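All letters in the sequence shown, in the order written, are residues 165 to 441 by this note's numbering.
One structure below.
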Amino acid sequence: MDLLLKGKTAIITGGSGGIGRGLVLEFAREGLNVVSASRDVKTGEQIAKQAEDEGLAGQVIAVATDVTDPASVEAMVERTHQAFGPVDVLVNNAGGVAAPSEFEKLDPASRKWEIALNVDGVVNCCQAVSADMLSRQTGSIINISSNSSLLGEAAANIVHYGGVKGFVNSFSKGLAWEWAKQGVRVNNICPGWIVPRDENDVGEGSFWHRFGFDTMGKPDAMEQALQDGTLYNMSGLPIPRLGRPQDIAWLALFLASERSGYITGQLISVSGGAWMP
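What follows is the structure, encoded as structure tokens:
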């Protein structure tokens, strides 16, 4: 199926992380021009070079962006205009956990960090692209949430993170309703555990480097643990395999396209069946 996305312009935040890399490369493979917006511009430039080396149909540029800062987001959107023109697609992928913690020991700095990144970052980016999308009566926003907002066990030791991602779920639904008659669709993806294929496929600031690999193991070890039935929170999945960044990217591409033009305000879990509404 041709998604009719060639030549469209997409902003993908958090483009240097594991899911972010998959989003950026698959969107470029589909022919979109992509702005990879991340604080880790070094990794973003490496991914842009990979897209060029692979001869992908779309162009990728990395733009240093702090989504928690409205001025930084506005500057990134202006850079997008200069490079590619108006924004057609926004994927709010930037997000994360400050650090795993029992809730009663959660410190104020971690709370503020998670709210700024997961809540303010999404709001800032949606507002920044609103003029492009509403003025042209077209656009697709895909907000990346988490299964931690849907399942108690998925929020173990990251309860506050699950809560702020719950904001993303409700926000997506409300914004979808408000903007639907103005031609802009808003949908929501809740990933389960999504594992990079290689430990080098994530930037230095990724949660995998901060604590994920130490907690869960490297990708090869996780694959073996899944086969052995010992992988934490994943060995009982209905679909018995690891989720990969491309699993998120392929759904996001469909939601970005007019092939999903009658879909808005929806939440879809990509988690091997871990959550079934």
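Ideal placement from N, C-alpha and C gives every residue a C-beta, glycine not left out.
It should be emphasised that the depicted structure is a prediction, and the values quoted were computed from it without experimental measurement.
Best match in Q210, L395 and A420 for proximity to N352 [C-alpha to C-alpha]: Position 188 of the sequence shown holds residue 352. It is A420 whose Cα lies nearest to the Cα of N352.
Using the rule of at least 16 other Cβ atoms within 10 Å of the residue's Cβ for burial, across every protein chain shown, is D217 buried or exposed? Stepping through the sequence shown from its first residue, residue 217 is reached at position 53. So D217 counts as exposed.
Run the CB neighbour count on M297, radius 10 Å, all protein chains shown included, and call it buried at 16 or more, exposed below. For the purposes of this step, residue 297 is taken as residue 133 along the sequence shown, with counting starting at 1. Around the beta-carbon of M297, 16 or more other beta-carbon atoms lie within 10 Å, marking it buried.
Cβ pair I403, G356 closer than 8 Å: Indexing the sequence shown from 1 puts residue 403 at position 239. Indexing the sequence shown from 1 puts residue 356 at position 192. It is not a contact, given that the beta carbons lie outside the stated cut-off.
Just curious, the beta strand (DSSP E) that A192 is in, first and last residue? Counting from 1 along the sequence shown, the entry for residue 192 is found at position 28. Here A192 belongs to no beta strand (DSSP E); instead the alpha helix (DSSP H) covers G182 to R193.
Cβ pair count under 8 Å reaching 3, the segment 312 to 328 against the segment 190 to 203: No, the segment 312 to 328 is not in contact with the segment 190 to 203.
Any 3 or more C-beta pairs closer than 8 Å across the segment 263 to 275 and the segment 221 to 241: With the cut-off at 8 Å, the segment 263 to 275 and the segment 221 to 241 do not touch.
Where N351 sits in the DSSP three-state scheme: For this step, residue 351 is matched to residue 187 along the sequence shown. Looking at N351 - three-state DSSP - the assignment turns out to be strand.
Please confirm if the segment 280 to 287 is in contact with the segment 248 to 263, defined as three or more CB-CB distances below 8 Å between the two stretches. yes
Buried or exposed for G326, going by 16 or more other Cβ atoms inside 10 Å? The residue you call residue 326 lines up with position 162 of the sequence shown. Flag for G326 reads buried.
Given W439, which residues of its chain have a CB within under 6 Å of its CB, disregarding the five upstream and five downstream residues? Locating residue 439 in the sequence shown gives position 275, counting from the first residue. Answer for W439: N311, L314, L315 and S433, listed in chain order.
I need the straight-line Cα distance from I180 to V231, nearest angstrom please. For the purposes of this step, residue 180 is taken as the residue at position 16 of the sequence shown. For the purposes of this step, residue 231 is taken as the residue at position 67 of the sequence shown. What sits at residue 180 in the sequence shown is Ser, not Ile. Roughly 13 Å between the two C-alpha positions.
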